[in-house]
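In terms of the numbering used here, the sequence shown opens at residue 102 and continues consecutively. All C-beta atoms in this analysis are idealised placements derived from N, C-alpha and C, irrespective of residue type, glycine included. The structure appears right after this line, and notes come after that.
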Amino acid sequence: MNRYQFEDLISEYIENELSLSKRKEFEAYLEENPDARGLVESIRTNMAQMKTIPKVIVSPDFNDRLLARIQSDHTRLDIPITSQRTIFGFTPIYASLMTGLVIAFVFVSMQLVSPADGGIPSQTQFYAEDSVPSLSNPPLQNVKNRTPDLADADADSSLENNKVKSKKDFSKQMHFVND
């Protein structure tokens, strides 16, 4: 006997409905497997607890009301729900909102990608027309190509700048709370 056959025969064993040969086979399995005996005992206690539960008393017309409720639910489910008119799965208000957003996105992306390349002519100027953009490097004609030779320098001028800087006295400008 395997575990599945044993579990199928537990309730018949407890209620003494097994034949003599099946009963002996069942008890032999119980002797071989101690945890199977615990399973049988737990089912016995569950059955005993089920018998002690008080019965629920319902009104006499409970079944009639329950059947009427079930019937009303079935008829309500049979009525098809009227679907709203949609445009590409959107209701008209959301479709118009989505269309506006797409148009705004296309317009802004056109202005960002190619503002000078024949964009939509406008009376308002959105950007300054500088001959040299403010964040670009200076042209190469103004740059000196001579590399400085540090060995030819007479002295390090950065040390002199540190001596020139004087420390300022802020003592007369401070005012403490308790003064």
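Distance, residue j Cα to residue i Cα
i    : j    : result
R145 : P155 : 18 Å
F189 : R170 : 38 Å
N147 : R177 : 41 Å
H276 : K269 : 16 Å
A149 : S122 : 27 Å
Q185 : M211 : 35 Å
V141 : M151 : 15 Å
Q106 : E133 : 15 Å
I194 : L202 : 13 Å
N279 : K273 : 15 Å
P135 : D162 : 50 Å
V159 : T187 : 49 Å
E116 : S143 : 15 Å
Helix, strand or coil at residue i [DSSP, three-state]
i    : result
G220 : Summary for G220: the model assigns pLDDT 48, below 50, so the residue's position carries little reliability, and this model does not support an answer.
I171 : helix
F191 : strand
K123 : helix
Q185 : coil
P134 : Just to set this straight, residue 134 is Asn in the shown sequence, not Pro. Of the three classes helix, strand and coil, the one that applies to N134 here is coil, per DSSP.
K152 : helix
Q274 : coil
D165 : helix
V159 : coil
N103 : coil
S215 : coil
N147 : helix
Distance CB(residue i)-CB(residue j) smaller than 8 Å
i    : j    : result
L110 : L119 : yes
R124 : Y114 : yes
E128 : M102 : no
F208 : M199 : no
Cβ-based burial, residue i [other Cβ within 10 Å; buried from 16]
i    : result
F271 : exposed
Nearest neighbour of residue i, chosen from the options [CA to CA]
i    : options          : result
E108 : S122, Q150, G139 : G139
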